[in-house]
Each structure stands twice: as structure tokens, then as C-alpha cells.
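Take 1 as the starting number for the sequence shown in this note's numbering and just add one per residue. Here a beta-carbon is modelled for each residue, glycine too, at the ideal position from N, C-alpha and C. Predicted, not measured: the structure shown is a model, and the values here were computed from it. Data block below; observations after.
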Amino acid sequence: MAPSTAAGSCANVANDPFRFASRRSVVHSTDGMVACSQPLAAKCGLEILRAGGNAADAAIAVAAALNVTEPCSTGIGGDMFMLFWDAAAGQVRALNGSGHSASACDLETIRRELGLSPNQDENSGDFSGTGATIPVDSVHAITVPGAAAGWVDAIERFGSGAVDLETILTPAIQLAERGFPVSELTARYWAIAEKLIRAASPNFAEMLKPDPLAKDGVRAPRAGEIFKNTNLAKTFRSLAAEGKRGFYAGRVAEELVAVVRSRGGHLSLDDLTHHLDVSETAQPIEPISLKFYGQGLDTQGLSKSKSDQGQGKGEGVELWEHPPNGQGLVALMALGIIQEMERQGKIPCFEPQDFNTAPYLHAIIEALRLAVADGHWYITDPAMGTVPVSGLLSQDYLSQRAKLFDATRAASGIVLPGQPPSPALRSCDTVYFAVTDSQGNAASVVNSNFSGFGTCIIPRGCGFTLQNRGSGFSLNSQHPNSLQPRKRPYHTIIPGMVTNTADGSLHSTFGVMGGFMQPQGHVQVLLGQLVGRLDPQQALDAPRICIGAGMPEDGGDIRWTVNVEEGMAQDAIQGLKQLGHNVKVIRGMERGLFGRGQIIRQVSDPVTATRIWSAGSDMRADGAAFPC
1 MAPSTAAGSC ANVANDPFRF ASRRSVVHST DGMVACSQPL AAKCGLEILR
51 AGGNAADAAI AVAAALNVTE PCSTGIGGDM FMLFWDAAAG QVRALNGSGH
101 SASACDLETI RRELGLSPNQ DENSGDFSGT GATIPVDSVH AITVPGAAAG
151 WVDAIERFGS GAVDLETILT PAIQLAERGF PVSELTARYW AIAEKLIRAA
201 SPNFAEMLKP DPLAKDGVRA PRAGEIFKNT NLAKTFRSLA AEGKRGFYAG
251 RVAEELVAVV RSRGGHLSLD DLTHHLDVSE TAQPIEPISL KFYGQGLDTQ
301 GLSKSKSDQG QGKGEGVELW EHPPNGQGLV ALMALGIIQE MERQGKIPCF
351 EPQDFNTAPY LHAIIEALRL AVADGHWYIT DPAMGTVPVS GLLSQDYLSQ
401 RAKLFDATRA ASGIVLPGQP PSPALRSCDT VYFAVTDSQG NAASVVNSNF
451 SGFGTCIIPR GCGFTLQNRG SGFSLNSQHP NSLQPRKRPY HTIIPGMVTN
501 TADGSLHSTF GVMGGFMQPQ GHVQVLLGQL VGRLDPQQAL DAPRICIGAG
551 MPEDGGDIRW TVNVEEGMAQ DAIQGLKQLG HNVKVIRGME RGLFGRGQII
601 RQVSDPVTAT RIWSAGSDMR ADGAAFPC
């Protein structure tokens, strides 16, 4: 029996790469740091840091290399957002690299072409008032890819000037031309998507590995096998040589439009030119933030124990997020509601041992429900509608929301402005990465296809797939986020950054990718450090929760499923059930629902005051943190 038992055990491990997570230590550096989901992409970023580039320069090198090594999550056919800590100015700056819908994509046309009758699903199907949405595999879900322009803008606005675009893209170009060994989780997601890639595009062979024994002579690459993408290298060379015009005009643009049109889509060369013009004239974007003084924070951003509370009010931290059309507002609202719960005496100042207990998780869950509901109703393209950011983040409004919290039971029948679709539907098809440099700058970046390889539609000879971000629009004409021509959709991708309120210094650059999990992940990993006193690696390793909209229960109440990651303490799970939460434990590969994060924290040597970067990297991904 022993041999068969061992074989069975090995098979189980092979099917569940999360089963035996290796212990990781925090990685420290006094120069720079790259934390991302692919070691080879981190290597490309380190090359740029060592060549004299700063955090922004290196971040774009990482973004391009991730397109090569993890195309199941990200690429130049998608969008990107960045927060940048300018150490010299002591300021957080923001960049929106997301694209618009096509000029011919009006609501009536798309509803008709999707086969929706005039009144069908106008306000039904997901309890949020969003009504129907564009299917993720529809050509109509393609919006103008914003990443290429975003990469160029990031270098021009935040870069060092010491390295040019060609130098920054060269490591990724070489990686694509020479080939690279595919990592474990990427290979798994690639295999899952193979059928979709074949069905979506006549150019499917570009994103599969040549194999004379496979169907059509190609297949998804397996873990450890070499994959080359010379067509993507050509696309990067065009961008390097011509800047934005190398993507939004010329061969790449023509092939992009041709394949979309061949599938019945409406994207045009004028739409690409429009994005080029808009990106050239765009005004700087101001990030949004919320100051958090809850849980007895001291001046170092660490929670005091209750025994320290008599020593006067400590300073707190300020959480910075990207403004709408991104969903960073949700994370700020949730954190603000938690702060108001404490001010109202509804929750205590939790001790470190309270981290991930049922009362602690209950407070986070209920705050997130309120914040997510508001966010999914109000967040839209601010150029096409009003988003009341200041009102939603005002203490008065957050206090009103906190009053709805009941410490003794889960909310069930509260009427909210919009209860969102389940985050489990679109959870882990994005990359988050963080880069810091020796000058003290930091880049917090998310680059995304949205769902897997996006639509899986491939422009001929270009080596990348096109995103399906347009499925973030509502097809309800009354919804603020309803589809309109040349509008940016509700965007899930949100980089995060934290500063210390005492002196405005950088606390950390961090993020958690994963669709609607992202603001939930921001709140959990930040509070893990502040309340649980966890280091960056521990904060990422800790089990997470992810809320989603459940089905209506008997009696008309709407229950929300609380997805709980395997590894959460059983007494916490039972405690949540006793509070009335509809709990579902997520195991194995499905744990990808909880996202993949990176944290780089700035600390100082207590004797020499030397800056130290301390980083953690999510064990749910293939990557790690690498010092320069």
C-alpha cells in the first residue's frame, strides 16, 4: 500500500500547487527592489535599475517582460494604472493607462447585436442594478488598449531620463526572441485557455507552442518548456522605435482593427488615433486618499497595544489609490467605515492576536459590503459622468454607513445603492508589481487583460491578445457606468500606496491583483500589517476572505457568499457562520480567487538611519521579491 499511497500523494500535489506552500522570508535591500509574479520579469527590471534607470523606468521593463512570460494575465493589448512615489517631491502621482470604447459602440447597437430585446435585463440578473453586461468572450468587450500609451507616458512623466524607451524594452524583446521556460502556474492557466484561444482567433497559433504531434501543430506550453514570441518582440520594437505611433498607427494598428472587424467588432483606426491624441494632451491625474488613525496607530504605522493607548493619540497612515474609473475608492471607503465603526464603539481596538478571528473578519466583511455596493453604483468614467468622490469619502457619509454595522449578525436585508456581481467570476487575470530604487522612488503598477488572455483575439503578426475590459460596462441605460461611445469602463485594476501621516514619508508600495478582490485585498493586507503586526511576507501569506453576492434566500433577503481561503482557522469559520454569514471554503487552484500581491515597505536602520526596502511576494504566484 505504501507505493500507491505515495503515488497518490504526489498526484494530489501535482494537481494542487498551493498544497505545500514554502515558507518565505522578507527580502531586504538598501538599493532597489522588484517584487512581481515572474522571476524573469523581475530580472528585466533589475537590469534597468543597474543601468541607471529609476523605479518608473524599471517598472515598464517589468510590465513588458510580464507580457512575455505571463500573457495569461497581462499584456500590451490591455490597460495599466500606476501610482508613483516621487521621493524628491515627497508626492504620490497617478497615471491612468486605460482605453475607451469604440466610437460606434453605442448602447442600443451593442444590445441589439448581443441579441437583447429593448427591455431585457435592463435591471436584473445580478442584484446591482447593472443589468446585463457584455460577455467576456465577445468582440464587443474589446476597448482600445491603453497599456502602450501608458508605458510611454510613465517613462516620460516619471522616468529618470537616463535610459530611453528602446533600452527599457530591450530585456523583454530579448526574452521573447530567445525564448523562456514557462512557469508552473502560468502553464496551468495557459492550458485552461487553449480551447478559447483556438476558437477566438484565426491567428491562434501565435500564442501556442509549435509541436508536430499536437492538433494543428501547436499546443499550450507546459511548465518548464521553452516558449518564444518573436511577433511580440516585433511589436515591442515598433513601440521602441516610434513611440506611441508604433502601436496606435501603422502595421500594429491596422492588424488590430482588421482582426476586430473580422469578428464583427466596431473598433476603428480613428479610435486608436483618438486615444493617441487624448494621451498626448491628458492633464496630470490626482490620486485619492484617506487618512486612517484607527486601531491605535503609532508614528511608525504600527498598531499600539491597548496598554499603550493612554500615551496620547498616535499618528496614522494615509492610503492612496487611483481615482475613478478605477475602483480604488472602494478600498478607501471600506477603511474609512472601519475607522468610523471604531469611533462609534462598534468594534474594539483589536489586538494582534485578534487578526483573522471571527469578530475581526466580520467587521471587515461588513465594511466591504457597504463600500463595494456604493462603488459599483457610483464608479464610472469621470469624463462622462459625476463621481461624488469627496462626498463618499466624507466622515459624515462614512459615519452613516458605519451605523449600519451590527456586531452581532451579518447584514441580510439592507437596501444598498448597488450590490455587485460575484467577484469570483473575474478574479485573477491581472498582474500587480512593485519597484523601488536607491533614490527612494517607488512605482506601484497593475497591468491587465481583465479576464485571462482577454478575448483571446490576436492581431496577425503581433504576438498579443486583446483585452475584454468592455465587459465592465453596464448595459442598463440608467446605470452611471452604462456603455457609451468613447467611454472608459469601471476598472478593477488598482495600484496602492501608503504614506505616514506624521511626516508624509513613504510607508509602502503594495497591491493585490484579482478583479473585484483587489480593494478587498488592499484592506486585508494593510490591516494585517497594522493590526496583526505582520511583516510584508506574513501579510501576503495570511489566508484571505473575498465577498460575493449570493442568491436570494427564503424570505426575500439577499445573502452574500463569504469565500474563505483554505487555511483560515476553523473557529473563525464557525464564528462567521454563527454570525449569519454564508461561508464557502475555497481550496486548491480555486484559491487564485484571492489574488496575488506584492509589498515593498520602507523602513530605517535604528542606528544609522539608512533606508531599507523590505519586501514580500505572494506565494499564490510564481514570483518573488528580488533586491538590486
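Taking the alpha-carbon of M207 as reference, which of L165, K228, H581 has the nearest alpha-carbon? Nearest in C-alpha terms to M207, of all of L165, K228, H581, is K228.
What would DSSP say about V498, mapped onto helix, strand or coil? Residue state, collapsed to three classes: strand.
Reducing DSSP to helix, strand and coil, say where M82 ends up. Residue state, collapsed to three classes: strand.
For E225, report the span of its beta strand (DSSP E) as first-last. Taken as a continuous stretch (DSSP letters only), E225 belongs to no beta strand (DSSP E), as it is neither H nor E.
Using 8 Å as the threshold, is the C-beta distance between L269 and V257 below it? Yes, these two residues count as a Cβ contact at 8 Å.
Burial state of S604, where buried means 16 or more other Cβ atoms lie within 10 Å: S604 comes out exposed.
To the nearest angstrom, report how far apart Q327 and T561 are at their CA atoms. So the two alpha carbons sit approximately 21 Å from each other.
Decide if R50 is buried, meaning its Cβ has at least 16 other Cβ atoms within 10 Å, or exposed. Classification for R50: exposed.
Measure the CB-CB distance between P221 and Q467 and report whether it falls below 8 Å. The beta carbons of P221 and Q467 sit no closer together than 8 Å.
Leaving out five residues before and five after I457 in sequence, what residues of the same chain have Cβ atoms less than 8 Å from its Cβ? For I457, where only same-chain residues beyond five positions count, the Cβ hits under 8 Å are V139, I142, A200, S201, V259, V260, R263, T465, L466.
Around the C-beta of T608, are 16 or more other C-beta atoms found within 10 angstroms, so that it is buried, or is it exposed? Here T608 is exposed. Its C-beta has fewer than 16 other C-beta atoms within 10 Å.
Give me the Cβ distance between I493 and F81, rounded to the nearest whole Å; I'm assuming they're in contact under 8 Å. Contact annotation, I493 with F81: C-beta distance approximately 5 Å; criterion of less than 8 Å satisfied.
Give the straight-line distance between the Cα atoms of L506 and T499, rounded to the nearest whole angstrom. Rounded to whole angstroms, L506 to T499 spans 4 Å at the Cα level.
Helix, strand or coil: how does DSSP classify S448 here? Strand, per DSSP.
Beta-carbon proximity list for A176, same chain, < 6 Å, skipping 5 on both sides: If we look at A176 and ignore the five residues flanking it on each side, its Cβ neighbours are V68, N229, L232, A233.
Which residue comes first and which comes last in the alpha helix (DSSP H) that contains R401? Taken as a continuous stretch (DSSP letters only), the alpha helix (DSSP H) holding R401 covers 395 to 402.
Report the three-state DSSP secondary structure of T561 (helix, strand or coil). Note: T561 maps to strand in three-state DSSP.
Using the C-alpha atoms, what's the distance from M517 back to R460? Put simply, the backbone Cα of R460 is about 33 Å away from that of M517.
Threshold first: 4 residues or longer. Then list the alpha helix (DSSP H) segments lying entirely within the stretch 328 to 397, N to C. Counting only runs of 4 or more, we get 328 to 343, 358 to 378, 389 to 392.
List the endpoints of the continuous alpha helix (DSSP H) containing P519. Note, P519: alpha helix (DSSP H), 517 to 530.
C44, DSSP secondary structure in three states: Helix.
Which of helix, strand or coil DSSP assigns to S73: Correct three-state label for S73: coil.
Tell me the DSSP secondary structure of Q283 in three-state form. In the structure shown, Q283 sits in coil (DSSP, three-state: anything other than H, G, I, E or B).
Within the same chain, show all residues whose beta-carbon is closer than 6 Å to that of M568, passing over the 5 residues directly before and after it, in chain order. Beyond the five residues adjoining it in sequence on each side, M568 comes within less than 6 Å, by CB distance, of P543 in the same chain, given in chain order.
In this structure, what does DSSP give as the bridge partners for I110? The partner list for I110 (beta bridge, DSSP) is empty, contrary to what the question assumes.
Does R488 pass the burial test, meaning 16 or more other C-beta atoms within 10 Å, or should it be called exposed? That one is buried.
Since I believe K291 is in contact with Q344 (beta carbons under 8 Å), could you give me their beta-carbon distance rounded to a whole number of angstroms? Your pair Q344 and K291 does not check out as a contact, with CB atoms roughly 18 Å apart and the cut at 8 Å.
Could you pull out every unbroken beta strand (DSSP E) segment of at least 3 residues lying fully inside the stretch 568 to 600, listed in chain order? Here the runs fully enclosed are 582 to 586.
Test item: CB-CB of L576 and A358 under 8 Å: Taking 8 Å as the cut-off, the Cβ atoms of L576 and A358 count as close.
Relative to the C-alpha of M33, which candidate in R24, S25, A59 has its C-alpha closest? A59 is the residue among R24, S25, A59 whose C-alpha sits nearest the C-alpha of M33.
DSSP state of G548 mapped onto helix, strand, coil: Looking at G548 - three-state DSSP - the assignment turns out to be strand.
Residue burial classification, D396 (beta-carbon count within 10 angstroms, cutoff 16): Using a 10 angstroms sphere on the CB of D396, the tally of other CB atoms stays under 16, which defines it as exposed.
Per DSSP, F433 is paired with what? V445, per the DSSP bridge assignment.
Can you grab the Cα-Cα spacing for the pair G99 / L66, in whole Å? Near 20 Å, if we compare the C-alpha coordinates of L66 and G99.
Could you tell me whether any Cβ in chain C is nearer than 8 Å to the Cβ of N582? In the structure shown, chain C cannot be found, because there is only a single protein chain.
Length of the line joining the Cα atoms of G52 and S477: CA-CA distance, G52 to S477, rounds to 50 Å.
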